[in-house]
Amino acid sequence: MSNASVAASAYANTAKLANPLEAGNEVADKSGAFGNMVQSAISEINESGQVADVQSLDLLQGKANVVDVVTAVAETELALETVVSVRDRVISAYEEIMRMPI
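According to the working numbering, the stretch in the sequence shown is residues 131 to 232, in order.
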């Protein structure tokens, strides 16, 4: 599997995650600001990943600067690390709540 097909698959998967509130689920409708924040973050990661991909292809064609490509990739990496950090904190909080005595 080539890098381009792996990237396309990853972007397709993040695009699916970008619209979790459109599932028609009553719980999703009540998720409020946190759900909107997660949806927004995933959309931003998807967009920045696409920008980094376009910059990389432009570099291969001689149309882009190496600095621009490195900047785009670094921005995407930072955004992804931020979302993963938030996910880890949410899971940690959930686990802590589950350990609470009733």
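All residues carry an ideal CB built from backbone N, CA and C; glycine is no exception. These numbers were taken from a predicted model, which means no experiment stands behind them.
query: Thinking just about the alpha-carbon of each residue, which of G192, S186, Q191 is nearest to the one in A202?; result: S186
query: Hey, quick one: how far does the alpha helix (DSSP H) through N166 stretch, first residue to last?; result: 162-190
query: Does the Cβ of I227 have 16 or more other Cβ atoms within 10 Å, making it buried, or fewer, making it exposed?; result: exposed
query: My understanding is that V213 touches I172, with C-beta atoms under 8 Å, so please give their C-beta distance in whole angstroms.; result: 7 Å
query: Between the C-alpha atoms of S222 and R229, what's the straight-line distance to the nearest angstrom?; result: 11 Å
query: S188 to L210, Cα distance in whole Å?; result: The question names Ser, but residue 188 in the sequence shown is Asp. Answer to the nearest angstrom: the Cα atoms are 23 Å apart.
query: Is it buried or exposed for Y224, if we count other Cβ within 10 angstroms and need 16 for buried?; result: exposed
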